[in-house]
Structures are given as C-alpha cells and as structure tokens.
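So the structure is just underneath, and the comments pick up after that.
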Amino acid sequence: MHIPDGILPVSVAAAGFAGAGAVTWLSLRRIERTYPDPRAGVPRASLLTAVFFMASLVHVPVPPASVHLVLSGLMGVVLGWFAIPAILVGLFLQAVMFQHGGLTMLGVNACIIGLPALLANRVFALRRLLPARLATPGSAALAFLASFAAIAVGAAAAALLIVSTVPAHLDAAAERAATFTLLAAHVPLGVIEGVVTALVVLFLRRVDPGLLGEPRR
Amino acid sequence: MIARANPEAVRESSLTRWETRAKLIGLLCLVFAFASVRDTRLLAPMVLLSLAVFGLSALPARHLLSRLKVPGVFLVALAVVLPLFSGETVLAEAGPVALRLEGTLAFLSVAARFFSIVTLATVLFGTTPMPTLVRAMRSLGLPALLGDILLFTYRYIFQLAEDLHRARVAARLRGARFGSIRSVSTTAHIIGSLLVRSNWQAERVLAAMLLRGYGSARSLEVRRAPVARDVAALALCLALAAVFVLSPALIG
Amino acid sequence: MNTTTTHPAGAPKAISAAGLGFGYPGRGPVLEGVTIEAAAAERVGVIGPNGAGKTTLFMLLCGVLAPTEGTLEVFGATVEPGAFRPEIGMVFHHTNDQLICPTVREDIAFGPQNTGLLEEAVSARVHAAAAATGIAHLLDRTPHELSSGEQRLVAITGILAMEPRLLILDEPTSDLDLRYRRRLIRLIERMEGQTVIVASHDLEFILETCGRVLLLDAGRIQADGAPAEIMADEGLMAAHGLEVPHSLVATWHRHRGSGVDEHGDAAG
Amino acid sequence: MNTTTTHPAGAPKAISAAGLGFGYPGRGPVLEGVTIEAAAAERVGVIGPNGAGKTTLFMLLCGVLAPTEGTLEVFGATVEPGAFRPEIGMVFHHTNDQLICPTVREDIAFGPQNTGLLEEAVSARVHAAAAATGIAHLLDRTPHELSSGEQRLVAITGILAMEPRLLILDEPTSDLDLRYRRRLIRLIERMEGQTVIVASHDLEFILETCGRVLLLDAGRIQADGAPAEIMADEGLMAAHGLEVPHSLVATWHRHRGSGVDEHGDAAG
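This is the structure in structure tokens:
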C-alpha cells in the first residue's frame, strides 16, 4: 500500500501533495465547523492516532506468510474527518521513523489511504438505515465491507499509479497482468482487515459505543 | 524497535547545527529535484552528492542501511520485473530469459533515486529531534491543529508501544498464540481495549492540559534565528537542486 | 512536623465549600453536602476507601467538573469550570496523563508559557521548580522513559513551576519508592504559604505531612480533625474500610490505658 | 501468619535458579548472579528500590525474557522463553494491560480456554476463581470501567482460573485500598500448595504474607531470609534505599535493648 520514493515521477508526487493538501484543508474546515472547540479534540485524535500507528505495526498471519495491518477502514469508522489528519500524521511518522512509505510520496500515500478511509466511514454509516434487530450483525457486516473496500480501492489506486507511470514501456497485456497481480495480492489483506475491523467494532459496541458515535450506555 | 528509531540522541555535526527551517527547506528541495531526475547521466552525481551529505551528518552507516531495508523489498521486485520484461534491446540471453537494456536502465534510475532520496530523508530526520522539526514546520505554516496532533501522537506512540507489548505478552502468558489464525480475535480485542483506554485517557489528558492553560496564548517560537552560514547552506542546496532540474535541458 | 494546625481567624480562606454535591444524571450522588473550610497555608489530608469520592472532590476543586449542588470558592473567587486558574495546581493520580511534552524541560515550561510569561521568566521558573524537586539532571530527558517515581516528580515540578497557591495532590505516593517518598515529604515540609490538599491511601504519609485530615466515605465527610486522633480511632477507621496505621497502633499499644490524644505527636 | 517458613528436604523445588543474569547488549547487566531456590508452597517476597531488577527477574521466571547467563528451572523443567507454561501465572504491575476482553467473564475464561478445556470446565473454573476473589458480582461488567482495585482483582482471578502452581505477583497492592488489600492478604493465606512470589514496595504486605524475603538491589540478591529479621535491620535497609516498616520500628522501640529476632512474629 505504501509507495516508496523514487518510483513515481515527480509530477505524480506533486499531484499527490496537492490532493492531500486539499483533502486536509477540507477536513480541518469540517472539524472546525463540527466541534465548538477543535483543540478539545486534539488529545483524543492524537491518542487514537498513536493506537492506529502502533496497531498497524502488528503482524497478523495470512498463511503461509504474515502481513501488517493498514487499518484505514477502522480509522475512517472511528475518527470520521479526524481520520485525514490522523493518517497524514501517521504516514509522516512512519516515513520519519521507519522509512515506511517515502517522504516524496507522502501526499500520494495520504490520498491512497485517506480517501478510502472517508469512504469506509460513509459505508459504515449505512448501519443507521438498518432495523434495530439487525444492528449488531449489520454493523459487523458493514464494518467488514467498509474496511475491505478501503483496502481494495487503495490497492487499485496504487496499482494503477505504479503500472501506468513506471518508466519504460510495458505492453498493454503485461500492464494488465501486473495490475491484477498487485490487486490479487491485496485480497487476503483486505479480508484480514475486514475481519479485524468487524471484531473491533463488535468490541466497541459492547464496551464503549461512544467511540462509534453512538450513545454511551 | 521504537526506541532505537528515535532520533533524539545524535552526534553533533554541521547538520545538527544547521538552523532547522533552512535545513528543512534546503534538503526538501534537493529531495524533490532528485525525484525529478530522468537523465541517466545525472544518476552518478546524484548518488555521490547524497553520500557526501550523509558523510557530513556523522550518522552511523548501519542507521542508513536499516532504513533502506524495509522499502528495499519493493525495489527487489522491480529489479526482477523491469530488466527482464521491459524494453527491446537485448543485452544478454539465457534460454527464455533475456536481460534488456531499457529495463535495466529504468531499474538503475529508480534504484538511484530511491537510494538518494532515502539517504537525504535519513539525514534530515536523523539530525533533527522531532519536536524541533514540528516547531520549524509550524513556523513555516503547518496548521496548528495538525502540528499539535503530530506532537501529541509522537508523545503517545512510546506509551502505546509499551502498552501494546505488555498486552501481547500478558495474552501470550495466558496461552494466546500470535502465529495462528485464531489469534486475530485476540489482536482485535487488544486493539479495541487500547482504543477504549486511550479514549478515556484522552479526557484526563485534556483536563490536565486545560488546567495548565492549554490554548491560552502560547508561543511556539523557534529558538534560534538563521545566521549567514545557515542561509549560505540553504542557497547552496537551492543551486544544486536547480542544477539537477535544469541541466538536462541546458546540455541537451 | 505538623506544620499548620492553627487557623488564624480573619485570614483569607483558601477553600470555602458549602453543601457541595456532584452526581451523574441517572445515577446516585458521588458527593453530597460536602462543606469544607481550609485556611491559607493549611495542609489537609483526605482519606477514605476507593470510590469514596476523593478524586471527584479534587476535580471540583480545580474546576474540571462543575458541582451539581452547593457553592465553591477558592481564594475568595468562585471556581468556574473551564476557566484557567493558574493559582490552583493539581497533580493527577495517573501522572502519565499529565506529561504531554517531548522533553521534561518543555513539559515543565508548558504551564508558565500559557500564563503569558516571557521566555526568560519561563526559564527561571523551570529552573527554580526543578531545583526544588531535585530533578534538574532530568531536564533534557524524555518523560516517557523515566521511572514512575521520576515521572511523578516531573509532574509535580510542572505544577510547582506555575507557582500555585493551592496545591492538590491525588495519591502522590503511589508508585513511589521510599527514597522518592521521603523526598516528597521534605518538599511539602519546606513549602511556605502554599495550601496543600492531599488524598492518599498512604496514611503514614498523611500523618507526616498534614495538620488536619478529612475522612470521606460514600460521598460525605465522615470526620474532620487532627490526623493522629482520627486515624487512631479504630472503630471509626474500620467502619470506613480503613485500618489504623502501624505507627499509631504501636503508640497506642505502648501506652495502653492512657488517652490517645496526648500521644498524637508520635505520628511520624 | 507466616505460612511456610519450613523447607521440606527432598520436596520438588518450585524455583531453581543458578547464576541467573540478564542484560541488554551494550548496556550494563540488569541482573547478575542471581541464585534462588524456592520450595513448593513457599511464599517469597522480593523487595528493593525502583530499578533493582525485580520486574526483570519476574520476566525471566515466566519466560518472557531469556536469561543471558545461568540456568532457570520451574518445577524441575527449564523455562523456555515463548513456551506456554500454564502452571506459571503472572499478574502484571500494570493490570490494565492484562484485561482485554469485553466482559470480566470472558476475560477470566481467556486463559482456561487456551489450555483446551471444554466449555463446562472453563465455566466451572471461572466461577471457582471468581468466588475465591469475591468478584462474582462483577462477571458481566466491562473490565475497563471498573475501579483500579477491582481491575487488579479481576486480573488475579484470570490468572487463578488457570490454576497455576507458581503465582507471581508484581506490586499487587499498588492502587488497592485497604479493604481490597486485606482481601488479597486473606486470599494468599488461604491458598494451599501454591508457590507465591511477590514483589512489593508495601513492606507490611510482605511481612503479613511471606515466610521469606529476598532483598534485590543493583541486580543482585543482597539478603535472603526471614522478613522480620531482614526488614528490621536498619543499616541494611537504609543501604538499599528502604525504610524499616513502621510495625517493626514500633516493636523495636517498645522492646528497646532486647534482641529483634525473638519479636519477629509481632510483624503484622
């Protein structure tokens, strides 16, 4: 999911920063409008960002290998508009501390992970349309779907960007094959992310529904 | 792992003494100039320049190597794909496998850019403590909300690294096996627990911060104003960046 | 050792609470009818079992929570929730929640900076407070890598740097080993003019530092008086889930038959 | 009150550590030359200042860390780092990190489930352990919303449900009020056959529960013997940043001039 430095042309990097800048500006505007005192949201957003940052370093088994989580779907579900600054900060820290995803690719990666997180938030919001008796299984199913979709959309965007801008020409068939390979490689990750997100959502519904924007018990 | 990636304890060098805002702008301009390099004649000067900057930083070589490792995997994949499948001019052939010139050049170009950018980024972050960096970014126009989230997240990462580690150790001592598929639910429970605890902790943290006047006029001033040497180093970086961007057009 | 048991009449009251109550809607009250008067420079201990309402009382005192009943004044001014009152300093039980900056120096400077002081004044405050708590050698460290005892001293230093007139300490000795505990006792003894209110399960600590103790249980004040008297009352203590501290048990055993009051000073 | 000071010869050793050392590469040793033998059903207290190496010792005992020197056997089998040994139960100082399930019931069942027990057996274990610690009324609550004292009891219950033969407690009384502390003391007193090893700054707790104490400082065992003897040794305690507990000071003052040893039983 994280595109490293040096692969995409500088024009794509610049476009990524422009896109990320616009989304960040929009999200900060929405945050300022939604919260009477945006400062009050800073500790919560920061602590949850730190949780996501650490949790994304956890390896989960996808036999025969293991992958580390991205958690973009879960971030969208829990943080809403705060997911954008959180993802930006998380990616920056990953670039600074581990060289995980490149510095020049910060904007591109923020779009690839951040926009699907907002999409996941909207998908998960569909649970409000469900009848009360389906609330629990419906939330779990939508959490799975939201998070799977976030990975799929992000991976598709990453694959398209890489394959279409790689320097030197591949023929069309090879391009399509490479895109599909990259996408297929992300299916197990999407499933695991979906399962983890659904399980966390079920956990939060029982323990602290306030984190899902639902009234506390 | 987290503690060692922390760039707080670095050896004094000309790069640690460089004023942070000038360093940030100068090195970032070089990084983006490198990202734009397409002319293969510029690859060697680019790599040499990065190595020279790294030498000035007095950072240990293994620090750089460890940071090249993670994204390096991606590069290895390209090393297989590009030289073998891209281009028409065949350099060498062994049965159905052919090494192609265009692909090989494309790969070398990606690898050189990758190496140079990662090296400069390593120097920038390795010689600047995070709080100083964020303060410099704030004074260059980073929105306050983003700066605050960045600093606090950085602060709590270390606590959460320990919490997460202890939670996993405690679960393992009660028989959880993290290699197995069943452990996914344990992992989800741990993430959920950390989210819940952090959400409640955030309320206490906010209360403690407000009691100490958080939000009342606070200056995040940069401690040191740039001097002539800082500006000269910045100018040098900008000039070098311009050379890398413009020279292909000039020399044709 | 008990610094201020005298209550000079006419002196401005540090704390003046009348009929203070607090509760969350739909649940029973956490605090009920709490009336406290504390003189300036008085040292007041608060004891009681878990869930007695000690932390809630402190949250009201520093304005994090708003009382649902009664009135509360600190230094003659009503405590307005949310308003910044730098003269009220609160050290939390979970000190970790209080240490928010990347370095100890910045953390201690955080409060003074927010009061609008200039850089030199802030720096002077940081150094004075760090010298008082003996943590000057930690200024360039990162708070999270310190031991829990050091973290607590840093949190206390960060509050002292704001030069509060009322210092509120919630369980200051939990996680402290005996060396740090002793240092904290000396620090409180050396303070002049500051009003200190401490909640602790560590009754020996209260005996050593406070001239007066409040016993809080079930949200109400059950006793208010000299620590050595209240804590030696086995019946009263047992009724509220507390035990007579060992130092008082021994005193009592030693002088079995004589009154307790006259031996109160053996505490500590 | 000191349940097992006798060491029956020939009984299988619960803990047998010889020349145990631990250190991180490039730094000084955290533990050095630690040799401990503990008999089954013995209750051993570990005291020492912050940073003495107590928690590291416990991490070795339960196999979280691998010793860099020496050998370590628990119940006759070498402790293999990473291997699951359900007979070794460890309650962390930060109990918070140990509680990960949505309800107390599920959390207590977590360990027994992982040992492969059937559902009825797990449920029986949960109820037996909850009854022993007196938290049956909390089974349907969320661990995260409990008070820190309740959380600690839940964490202990979760370990007891695994029926460990060696129980390791790291600072079990921190955050406990006196009611819960007393309950924990009774619980340890009532245990039969289980070996218990406890690290605590709460020396009175060690005096009441342990038949033997190890004084750890600077990564080495500085003293090993009867708690009332070691803790009454003012010179030894002061040399390692500790204070003689009040209950022993009082005893000593009362009988000033006579030997300390014969009054050791006054402890508690």
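Residue numbers (the working numbering), protein chains in the order written: chain A, 3 to 219; chain B, 372 to 623; chain C, 8 to 275; chain D, 8 to 275.
Positions of the beta carbon are idealized from the N, C-alpha and C atoms, including for glycine.
Since this is a predicted model, take the numbers as computed values, not measurements.
Distances from the CA of LEU611/B to each of VAL424/B, GLU390/B, ARG392/B were compared; the closest alpha carbon is that of VAL424/B.
When the Cα atoms are used, TYR37/A and PHE84/A turn out to be separated by approximately 11 Å.
Measuring C-alpha to C-alpha distances from ASP104/C to each of CYS608/B, PRO597/B, ALA482/B, LEU582/B identifies LEU582/B as the nearest. Only exposed fits HIS144/D, as fewer than 16 other CB atoms lie within 10 angstroms of its CB.
Three or more beta-carbon pairs drawn from the segment 522 to 541 of chain B and the segment 50 to 58 of chain A are found closer than 8 Å, and the two stretches are therefore classed as touching. Under DSSP, the beta-bridge partners assigned to HIS61/A are HIS70/A.
Listed as beta-bridge partners of ARG227/C by DSSP are ASP224/C. A straight-line Cα-Cα distance of about 14 Å links LEU27/D and CYS69/D. Distance from the Cα of PRO19/C is smallest, within the candidate group GLY40/C, ARG34/C, TYR31/C, ALA45/C, for ALA45/C. Residue pairing from DSSP places ARG471/B in a beta bridge opposite VAL461/B. In terms of Cβ geometry, THR102/C and ARG148/C do not form a close pair [threshold 7 Å]. Annotation for LEU213/A: VAL80, LEU206 place their beta carbon closer than 8 Å to its own, counting only its chain and skipping 5 residues before and after.
Using a CB distance below 7 Å, the part of the segment 162 to 196 of chain C facing chain D consists of SER181, ASP182, ASP184, LEU185, ARG186, ordered along the chain. Of all residues in the segment 522 to 539 of chain B, only PHE523, THR524, TYR525, TYR527, ILE528, LEU531, ALA532, LEU535 come within less than 7 Å of chain A when Cβ atoms are compared, listed by chain position. Among the residues of chain B, those whose CB is under 7 Å from the CB of GLY118/C are ARG583, GLY584, following chain order. For THR216/C, the three-state secondary structure derived from DSSP is helix. As far as DSSP is concerned, VAL202/A takes part in no beta bridge. Restricting attention to LEU167/C, ASN121/C, ILE22/C, HIS208/C, the CA atom closest to the CA of MET97/C is found in LEU167/C. The three-state reading of DSSP puts ALA48/D in coil, since its state is none of H, G, I, E or B. Flagged as an interface residue toward chain D: GLU250/C, by a C-beta distance shorter than 7 Å.
Taking all protein chains shown into account, HIS253/D has 16 or more neighbouring C-beta atoms within 10 Å of its C-beta and is therefore buried. Neighbours of SER154/D in chain C, taken as residues whose beta carbon is under 9 Å from its own, are ASN57, GLY58 in chain order. When CB distances to chain D are screened at a threshold of 7 Å, the residues of the segment 561 to 584 of chain B falling below it are ILE561, SER564, VAL567, ARG568, in chain order.
The way I'd put it, the segment 90 to 108 of chain A doesn't touch the segment 468 to 481 of chain B; fewer than three beta-carbon pairs between them come closer than 8 Å.
Restricting attention to ALA532/B, LEU414/B, LEU439/B, ARG471/B, the CA atom closest to the CA of VAL494/B is found in LEU439/B. Taking all protein chains shown into account, GLU459/B has fewer than 16 neighbouring C-beta atoms within 10 Å of its C-beta and is therefore exposed.
Taking a contact as a CB-CB distance under 8 Å, the pair LEU38/D and GLY226/D counts as one, their CB atoms being some 5 Å apart. According to the DSSP assignment, SER23/D belongs to the beta strand (DSSP E) that extends over 20 to 30.
For ASP104/C, the closest Cβ of chain B is nearer than 7 Å. The three-state reading of DSSP puts LEU120/A in helix, counting H, G and I together. Going by DSSP, GLY96/C is part of the beta strand (DSSP E) stretching over 95 to 98.
Contacts between GLU211/C and chain D, judged by CB atoms closer than 9 Å, involve HIS253 in chain order. Every candidate alpha helix (DSSP H) stretch fails here, since none sits fully inside the segment 146 to 201 of chain A while reaching 4 residues. Per DSSP, reduced to three states, the secondary structure at PRO36/C is strand.
The shortest C-alpha to C-alpha distance from LEU194/D to any of LEU223/D, HIS208/D, THR164/D is the one to THR164/D. The three-state reading of DSSP puts LEU173/D in strand, counting E and B together.
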